[in-house]
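Chains H and R, in that order, are what the protein sequence lines are. Quick note: the first sequence, position 335, residue 335 per our numbering, numbers continuous. Quick note: the second sequence, position 108, residue 108 per our numbering, numbers continuous.
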Amino acid sequence: MNLGVIKALVAKDFSLFFRNRFYTLITVLGIVFYLIIYFVMPSSVDEELKIGLYAPVIPPVFELIQAEEGLKFEIFDSDEALKEAITDRAYEAGVALPADIMEKFASGQKPRITLYFSADAPDEIKDAVETMVRELAYLQTGQTLAIEVSAEILGRDMLGEQIPIRDRLRLLLAIMLIMFEMMGLASLISEEVEQGTIRALLVTPMSVHDLFAAKLIMGVSLAFTQGVLFLAIVGGLNNQPLIILTALLLGSVMFTGTGFLIASLSKDMMTSMGWGISALLIYSIPAFGIVFPGTITDWAKAIPSYYLADTIHQASNFSAGWGDTWLNLLILLGFNLIIVWGGIMALRRKFQ
Amino acid sequence: MAQDAIVAEELTYWYGDLVAVDHISFNVAQGEILGFLGPNGAGKTTTINMLTGQLKPKEGRAILLGMDVAKNVEKVQGEIGVCFEETNLYERMSAIENLKLFARLFGIHPFDAGDLLRRVGLAGREKDRVETYSKGMKQRLMVARSLVSRPRVLFLDEPTVGLDPTSSEAIRNIILEERERGATVLLTTHDMMEADKLSHRVAFINQGKIVALDTPHSLKQQYGKRALKAKVATESGELQDREVILDTPETPNAVHELFTQENVVTIHSEEATLEDIFISITGRSLIE
Numbered sequence: 001m002n003l004g005v006i007k008a009l010v011a012k013d014f015s016l017f018f019r020n021r022f023y024t025l026i027t028v029l030g031i032v033f034y035l036i037i038y039f040v041m042p043s044s045v046d047e048e049l050k051i052g053l054y055a056p057v058i059p060p061v062f063e064l065i066q067a068e069e070g071l072k073f074e075i076f077d078s079d080e081a082l083k084e085a086i087t088d089r090a091y092e093a094g095v096a097l098p099a100d101i102m103e104k105f106a107s108g109q110k111p112r113i114t115l116y117f118s119a120d121a122p123d124e125i126k127d128a129v130e131t132m133v134r135e136l137a138y139l140q141t142g143q144t145l146a147i148e149v150s151a152e153i154l155g156r157d158m159l160g161e162q163i164p165i166r167d168r169l170r171l172l173l174a175i176m177l178i179m180f181e182m183m184g185l186a187s188l189i190s191e192e193v194e195q196g197t198i199r200a201l202l203v204t205p206m207s208v209h210d211l212f213a214a215k216l217i218m219g220v221s222l223a224f225t226q227g228v229l230f231l232a233i234v235g236g237l238n239n240q241p242l243i244i245l246t247a248l249l250l251g252s253v254m255f256t257g258t259g260f261l262i263a264s265l266s267k268d269m270m271t272s273m274g275w276g277i278s279a280l281l282i283y284s285i286p287a288f289g290i291v292f293p294g295t296i297t298d299w300a301k302a303i304p305s306y307y308l309a310d311t312i313h314q315a316s317n318f319s320a321g322w323g324d325t326w327l328n329l330l331i332l333l334g335f336n337l338i339i340v341w342g343g344i345m346a347l348r349r350k351f352q
Numbered sequence: 001m002a003q004d005a006i007v008a009e010e011l012t013y014w015y016g017d018l019v020a021v022d023h024i025s026f027n028v029a030q031g032e033i034l035g036f037l038g039p040n041g042a043g044k045t046t047t048i049n050m051l052t053g054q055l056k057p058k059e060g061r062a063i064l065l066g067m068d069v070a071k072n073v074e075k076v077q078g079e080i081g082v083c084f085e086e087t088n089l090y091e092r093m094s095a096i097e098n099l100k101l102f103a104r105l106f107g108i109h110p111f112d113a114g115d116l117l118r119r120v121g122l123a124g125r126e127k128d129r130v131e132t133y134s135k136g137m138k139q140r141l142m143v144a145r146s147l148v149s150r151p152r153v154l155f156l157d158e159p160t161v162g163l164d165p166t167s168s169e170a171i172r173n174i175i176l177e178e179r180e181r182g183a184t185v186l187l188t189t190h191d192m193m194e195a196d197k198l199s200h201r202v203a204f205i206n207q208g209k210i211v212a213l214d215t216p217h218s219l220k221q222q223y224g225k226r227a228l229k230a231k232v233a234t235e236s237g238e239l240q241d242r243e244v245i246l247d248t249p250e251t252p253n254a255v256h257e258l259f260t261q262e263n264v265v266t267i268h269s270e271e272a273t274l275e276d277i278f279i280s281i282t283g284r285s286l287i288e
């Protein structure tokens, strides 16, 4: 590899990138736009109580719960389904009633009621749910100590540390911001192929490796800088910055490799945008799952960006350390090798 | 004897079932200009692509300056300049920026872009973006870009196609200057006059094969016919054409008869053009 050649190519690519008004616009205004979205999102949490209920037999008084204001109540078919929903943070709290509750009430025994709470459910909600269940038992039996209650936290315990929606959203915004750079890079490369400038480059002493190294450096530095800048401004680097920066760097490599693949499929800026938006939608799914817990399941793990989104989410919102995130980073690295290699092969084919 | 700058040995390339270049062999001496002539699709560009390391021959080999191109692509590319048929400049960059980029890729430092731009007549517009240039200006810049590294071998693919006479003349002068400098030039063109004027030798390529290769003069002697064309006036005052073929045993008598027995009004000699010769050899026109 020739560093002088790579430096010249990178300088040329940056120069061309920022001379295209559209790329400049999405780069400069993109970060402003996403920052505005972040800062207009509510910084407080919604206090509406969502409760899941697993009850093979529903005591009559429990039906009164449905009428309570500010309370959302969903019936689950099994205890496992209820626990899974709460683990996925689709509900903050759940109540599981035993099948023999009515018999125990009738015989004067104390049925055991299990309360489930999501990791980030605050104490107020835990207290409110327990009080409500005891009150309902009292109304049903006329006795103050009619039940035994056990509480279980599902997932990571975020006692008193709920995450505001905008802090969940910042990851999605960061990923979308970076992916726009991916589309810009793809468009720049396909433009080079279509205009034939790549042929002019390939009859100089520069090697193809120099060319790809330059494109990789350009794509990664654009994406990485945008991501870091955005997360730094919105406080996304306050926890575990090294892990987040590592994840962002790997993510930038992944998106640059994807940019190569898109460029190999594209003929012009419009087709680049078309393919790019398709990739953007797919890559955004895991981040959507973090913004809206419970909306995705395990299949999202097949999407490479899951490991980027999950790592940054765990590190920035739950202060997860290297021990918790190394596997994600390793898988992300594996995906990177495949995507970048595939992208380079596809582009080489196109160049020839 | 000086080493040949370009040697093509049985060069062959095919795209699927289509044989684009079919076992062609030729050599170009150092400092020589070889005109490479043929209609569209004859295999000229594919041959250039193999000689410049853009394509690896399926069979045969290309040797430039003593180096096997396929085995020494980067070394060979450090010694050549290529001017493509289609304009492929960075349009959002200025002429100076385009040239400086390529100078850096060739590792040339320091580099005076201004001197080169003056040579191609672009002084004064060097800082303007290329997208604002006319076709002729872009083509002159393409030629300038191919000269950035002062190449020992220059490949010019239709450098004057579609240009106004001034731009064409400017480019022809540059080619002659490069020849004076000692550069070897492989020139493809549809302009027979240009090939005739600039080339030491011309190669006719048709359907992937070289069908003739020699100096323009020899080709004309070998394949063309020289003639005298005259207009004579009859007794009734009508003008009629007469033709006397030169270089035959009967020529002296025929000329004598023309002048003694006819009333010659005008007379001029006529030579076969390279276009005529190409048609007579291949049955095809160069421009199809």
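Ideal Cβ placement from N, Cα and C applies to all residues, glycine included.
Asked, Found
"Whose C-beta lies closer than 6 Å to the C-beta of Met1 of chain R among residues of the same chain, with five residues either side of it excluded?", "Only weak support is given to the placement of Met1 of chain R: the predicted model assigns it a pLDDT of 46, under 50, and the value that follows is read from those uncertain coordinates. Here the set comprises nothing."
"Who are the neighbours of Met93 of chain R on chain H, taking C-beta pairs under 9 Å?", "Lys12, Ser15, Leu16 and Arg19"
"Any idea what DSSP makes of Leu3 of chain H, helix, strand or coil?", "helix"
"Could you round the C-beta distance between Gly289 of chain H and Ala300 of chain H to whole angstroms and report it? I think they count as a contact, below 8 Å.", "6 Å"
"What do you reckon, are the CB atoms on Val265 of chain R and Ala254 of chain R nearer than 7 Å?", "no"
"Within a Cβ cutoff of 7 Å, which residues of the same chain sit near Gly121 of chain R, ignoring the five residues on either side of it in sequence?", "Arg140 and Ala170"
"By how many angstroms is the C-alpha of Val57 of chain H removed from the C-alpha of Met102 of chain H?", "8 Å"
"Would you call the stretch 218 to 226 of chain H in contact with the stretch 199 to 206 of chain H, where contact means no fewer than 3 C-beta pairs closer than 8 Å?", "no"
"On a CA-only basis, which of H:Ala309, H:Leu250, H:Leu330 and H:Ile303 is nearest Val340 of chain H? Give me that one, please.", "H:Leu250"
"Hey, quick one: how far does the alpha helix (DSSP H) through Glu181 of chain H stretch, first residue to last?", "Ile165 to Gln195"
"Restricting to runs no shorter than 3 residues, where is the beta strand (DSSP E) found entirely within the stretch 12 to 98 of chain R?", "18 to 29, 33 to 37, 59 to 64 and 80 to 83"
"Any heavy atom of the ligand SAM closer than 6 Å to the CB of Asn173 of chain R?", "Among the components modelled here there is no ligand, and therefore nothing to report on the ligand SAM."
"Considering only the beta carbon of each residue, do His313 of chain H and Leu173 of chain H sit closer than 7 Å?", "no"
"Taking only beta-carbon positions, decide if Tyr90 of chain R is within less than 7 Å of chain H.", "yes"
"At 7 Å on the CB atoms, spell out the chain H contacts of Thr52 of chain R, in chain order.", "Val203"
"So Val193 of chain H and Phe351 of chain H are in contact, right, with Cβ under 8 Å, and what is the actual spacing, rounded?", "7 Å"
"To the nearest angstrom, how far is the alpha carbon of Val153 of chain R from that of Thr24 of chain H?", "40 Å"
"Smallest Cα separation from His268 of chain R: which of R:Phe106, R:Ala123 and R:Arg226?", "R:Arg226"
"Applying the 10 Å Cβ sphere with the 16-neighbour rule, what's the burial state of Thr27 of chain H?", "buried"
"Give a yes or no on whether the C-beta atoms belonging to Ile277 of chain R and Gly224 of chain R are separated by under 7 Å.", "yes"
"May I have a chain-ordered list of the beta strand (DSSP E) segments no shorter than 3 residues that lie completely inside the stretch 96 to 145 of chain R?", "none"
"Which parts of the stretch 82 to 165 of chain H are runs of the beta strand (DSSP E), unbroken and 3 residues or longer, counting only runs that do not cross its ends?", "93 to 96, 112 to 118 and 148 to 154"
"Looking at the structure shown, is Ile285 of chain H part of a helix, part of a strand, or coil, going by DSSP?", "helix"
"Between Met1 of chain R and chain H, is any beta-carbon pair separated by less than 7 Å?", "Here Met1 of chain R scores only 46 on pLDDT, less than 50, and its place in the model should not be relied on; the value that follows carries that caveat. Judged by the 7 Å Cβ criterion, Met1 of chain R is not in contact with chain H."
"State the DSSP-derived secondary structure class of Val340 of chain H, mapped to helix, strand or coil.", "helix"
"Roughly how many angstroms lie between the CA atoms of Tyr13 of chain R and Ala42 of chain R, to the nearest whole one?", "12 Å"
"For Leu245 of chain H, which of H:Leu185, H:Met270, H:Glu181 and H:Gly321 has the nearest alpha-carbon?", "H:Gly321"
"Let me confirm a value: Leu261 of chain H is counted as buried when at least 16 other C-beta atoms fall within 10 Å, else exposed. Which label applies?", "buried"
"Taking Ile33 of chain R as the reference, which of R:Asn88, R:Glu271, R:Gln221 and R:Glu177 has the closest Cα?", "R:Glu177"
"Spatial neighbours of Thr141 of chain H within its chain, please: CB distance less than 8 Å, with the 5 preceding and 5 following residues excluded, ordered by chain position.", "Phe105"
"Applying the 10 Å Cβ sphere with the 16-neighbour rule, what's the burial state of Phe259 of chain R?", "exposed"
"Could you tell me if Phe39 of chain H is buried or exposed, where buried requires 16 or more neighbouring beta carbons within 10 angstroms of its beta carbon?", "exposed"
"From the DSSP secondary-structure annotation, give me the bridge partner or partners of Ser269 of chain R.", "R:Leu228"
"Quick check: what's the CA-CA separation for Lys7 of chain H versus Tyr307 of chain H?", "31 Å"
"Can you tell me where the alpha helix (DSSP H) holding Glu158 of chain R begins and where it ends?", "Per DSSP, Glu158 of chain R belongs to no alpha helix (DSSP H) and is neither H nor E."
"Return the residues of the stretch 257 to 285 of chain H that lie within a Cβ-Cβ distance of less than 7 Å from chain R, sorted by chain order.", "none"
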